[in-house]
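Here the protein sequences line up with chains A and B, keeping their order.
No gaps in the numbering here: position 200 of the first sequence is 203 in my numbering, and each next residue is one more.
No gaps in the numbering here: position 84 of the second sequence is 461 in my numbering, and each next residue is one more.
All C-beta atoms in this analysis are idealised placements derived from N, C-alpha and C, irrespective of residue type, glycine included.
Quick notes on the structure that follows.
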Amino acid sequence: MISVVEPASPTKGRIKSRDILCALAGAVALALAIWAASTVTVPIDSDLGLVAVLPYPFWAGVVLLNLAFVAALRGNAAGPASRPVMIWLIAVLVLMLFGTAIFVTDIPRGEVAFRHLGIADALASTQDINPDIDAYFNWPGFFALLATLLRASGIDPVSVALWAPVVDIGLWLAALGVLMRHLTTDPRRRWLVLWIFCLGNWQDQDYLSPQAFGLFLYLVVIALVIGPLGAKPPKFPGFRPAGLAVWWRGRSPAESRARHRLSALVVTLLLVVVISASHQLTPFMVLIAITALTLTGHVWPSRLPLIAAVVLALWLAYPASAYLDGHPPLADAGLQAATQANIVDRVSGSPGHLLVVQVRMLLTVILWALAIAGALWDWRKKRLDIRVVLLAVTPLLLFPTQSYGGEMLIRVSLFALPFIAMQASSVLLPARGGTRPSFLATGALALCCCLLAVMTVTGRFGNARFDVFTDNELTAVHAVQRLAPPGSAVISAAHPTPWRNEGYLDHRYRTIDDLCKAGLSVATCGPLVYDYARHNPAGGVILLTRSSEASLVVQGDISKQGFDEFEQWLRSQDSVQLVFSNPDARAYRLAPFGVAP
Amino acid sequence: MNRGRVSRLTLALGLAAVVLSVAALVGLPAPLQALTAAAVLVLLPGQALARLLHVADRALGALLVPVLGFATLTVVSTAMFYLAVWSWQACVVAMSVITVLACLERARQEET
């Protein structure tokens, strides 16, 4: 089970014309995608996002690349195309699916990467961790790492955020590639799992973030737990206590050398500590996964879950206690609350946005359906790997524990994705043991890959109307950070605002939709925002950007007319002064009560 | 690698950690500084620590280089922040010390 079997490679040393053709097709596909994406202008004026504005050569590139991959995967009777060709095709796919936005604009997509840069900057500036600032300072591991790397290297932080998705996916694939070596000896299946992992990765969690770092380390932990720390359980005797005890004692280590197991255990414990220090959610996933694998007899060091639980509990009890004092972890637990936050609340907005949300759900459902079909197929053939099933299913346990800001289902689907891809590959590539897929199976696989690729681009870049920023918006944010007095409130209309990468601790950052939970109508929300800004001793600045407005309109929180009315009302109030304006943004300074504007 | 002799790779790793950390602290032009910092903070300590583990699987061994580099730097920098002694220069020194210590341990293993 543990042994890593290197498949025979009869093509070694010889360059096949088919391999060259596949590699060339990959190069052409990449050139088409880069050229097509570079012709797109921002802002993106479609509720469908990038999919509506990418010209047809991009899609021709996507189809060509998938055909090249499937041809390379089919290979010949001896196996798939050579390793460099397969790696090259996967690298092209990563650039096309996860780097598309980089070829459209040189501003990182989404707000959160900017915020994370700001946290690293704040840490480096204060050289201290104050856990009372916010949740991020209770799990500072990733930000400490980022601060050190940015300051020591002198790299432009925004460039790091821009390229982070490509780097993160590269790291995830590297870890998943190693993990696959312990789960299957079929080289075709290994490559296909990596491909499906990319094609199903619409969740958009690969930006510069602790969760992206956490997922990378999680996959490495699973690779270690299944690999050198793995165990071979005997045949399960049933649930009678006596039989269970015999079964438990009958386990044998997959790695026979004790020194190697010890090394792997030390690395695993180091990673558990780093994950616990870096992200709220990932350590729970690590704990659940290794507990499930241990209880089913697939992990040799049986106390590993206990040690991981102690590390996690200690982190929560001490460094993260400041945050947990006011935010008990299970405060909004429950299936109903989780369903409301993760599904019901998300299915709203303009018709275009609704279509994008439905495509995301459909993509997830298709992959899970393929995985279930693959599991049934494997079960019928008596080769179902229970470890893969456990790793695919256990993330679901996280779903009812917390709504996680309405993102829990996204995180659950991402944690499960590598193993869903693995199980789905069973039905997409039913032939085993190095058997070359038939033409019919190859055609069906190519069709499936093309369909998944289109859906992933649709789902992943479906928010491009409001998460792809313009230079004008960035200029406006810089102007506001310069114009806002220290300690003042900086209020944006909504969260997609490229702010807080500098001066994270200098202002009180809020958004109008956060301040007005009851609704965004002028009558109720206007006075609330106005009073909040003016009651602040240093006053406030309200920033209205194209992207934040689009976010509220596209997601159905307010109409375009309603937003204009809000701004008109704001302009008409006392002590409100327009201090910055460009085609994509306006900034209003609000003097504090008792101070003349 | 000959039994009883320290391998060239171990020596090279240890020396590179010392030389490159000095270069990173002194400061280099833009792209070189980034490459040097990545080597001193992540790749060299990761490689030195991975070589102590005697991992049989080459792919896993290669993966552990960045993993151990990132993980160790996270622990070191987070600890420094909590102790309020953080500076990127201190992290460079600490990581090069870790690399040299790992190389010394590896050399001891190679000599026996």
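Straight across, the Cα-Cα distance linking R589 of chain A with H481 of chain A is about 12 Å.
Less than 9 Å divides the Cβ of V477 of chain B from the Cβ of A394 of chain B. Rounded to the nearest whole angstrom, the CA to CA distance from T299 of chain A to P236 of chain A is 8 Å. If you draw a 10 Å sphere on the C-beta of F442 of chain A, you find fewer than 16 other C-beta atoms in it, and that means exposed.
Inside the stretch 397-443 of chain A, DSSP marks whole alpha helix (DSSP H) runs of 4 or more residues at positions 411-431, from first to last along the chain.
The stretch 326-379 of chain A contains no complete beta strand (DSSP E) run of 3 or more residues. Against L445 of chain B, the close residues of chain A are V270, L273, in the order they occur along the chain (beta-carbon pairs closer than 8 Å). R262, H263: these are the residues of the stretch 234-265 of chain A whose beta carbon lies less than 7 Å from some beta carbon of chain B, given in chain order.
For L441 of chain B, the C-beta contacts it makes with chain A under 7 Å involve V270, in order along the chain.
In the same chain as A536 of chain A, and ignoring 5 residues on each side of it, the C-beta atoms closer than 7 Å to its own belong to A492, I494, G542, G543, I545, L593, in chain order.
Residue contact check for S473 of chain B against chain A: no CB pair falls below 9 Å.
Following the DSSP letters along the chain, one finds N585 of chain A inside the beta strand (DSSP E) bounded by residues 579-585. The residue among A:W303, A:G113, A:L319, A:G409 with its C-alpha nearest the C-alpha of G337 of chain A is A:G409. At a cut-off of 9 Å between beta-carbon atoms, L392 of chain B makes no contact with chain A.
Taking the Cα of Y591 of chain A as reference, the smallest distance to any Cα among A:A80, A:L165, A:P540, A:V532 is reached at A:V532.
In its chain, beyond the 5 residues on either side, L182, A292, L394 have a beta carbon closer than 7 Å to the beta carbon of I225 of chain A. Within the same chain, and ignoring the five residues on either side of A521 of chain A in sequence, the residues whose Cβ sits closer than 7 Å to its Cβ are T527. Note that the stretch 84-100 of chain A does not touch the stretch 126-134 of chain A; fewer than 3 beta-carbon pairs, one per stretch, sit closer than 8 Å.
Within the model, the alpha-carbon separation for N345 of chain A versus L98 of chain A is close to 29 Å. Within the stretch 276-294 of chain A, the residues whose Cβ lies closer than 8 Å to some Cβ of chain B are V276, V277, A280, S281, listed in chain order. Residue environment: Q571 of chain A is assigned as exposed (fewer than 16 neighbouring CB atoms within 10 Å of its CB, all protein chains considered). Under a criterion of Cβ atoms nearer than 8 Å, the residues of chain B adjacent to P143 of chain A are, in order, T455, F458.
Residue environment for I18 of chain A: exposed (fewer than 16 other C-beta atoms within 10 angstroms of its C-beta). Chain order gives no chain A residues near V395 of chain B, where near means a beta carbon separation below 7 Å; the closest approach is about 16 Å. Under DSSP, S495 of chain A forms a beta bridge with A:T514, A:L546. Counting only the Cα atoms, L315 of chain A lies some 13 Å from N141 of chain A. Taking a beta-carbon distance threshold of 9 Å, D131 of chain A counts as an interface residue toward chain B. Chain order gives the chain B residues near L126 of chain A as F458, where near means a beta carbon separation below 7 Å. Using a Cβ distance threshold of 9 Å, A28 of chain A and L68 of chain A count as a contacting pair. Contact between R382 of chain B and E487 of chain B holds, with the beta-carbon distance rounding to 7 Å and staying under 8 Å. Between D509 of chain A and I122 of chain A, the alpha-carbon positions lie close to 12 Å from each other.
Distance from the Cα of S41 of chain A is smallest, within the candidate group A:F216, A:P304, A:F61, for A:F61. Where A536 of chain A is concerned, the enclosing alpha helix (DSSP H) starts and stops at 525-538.
For the stretch 206-234 of chain A, the beta-carbon criterion of a distance under 9 Å to any beta-carbon of chain B is satisfied by F216, F219, L220, V223, A226, L227, G230, P231. In the three-state DSSP reduction, K520 of chain A falls in the coil class, being neither helix nor strand. Leaving aside the five residues that flank S49 of chain A on each side, the residues in its chain whose CB is nearer than 7 Å to its CB run, in chain order, A55, V56, G355, R468.
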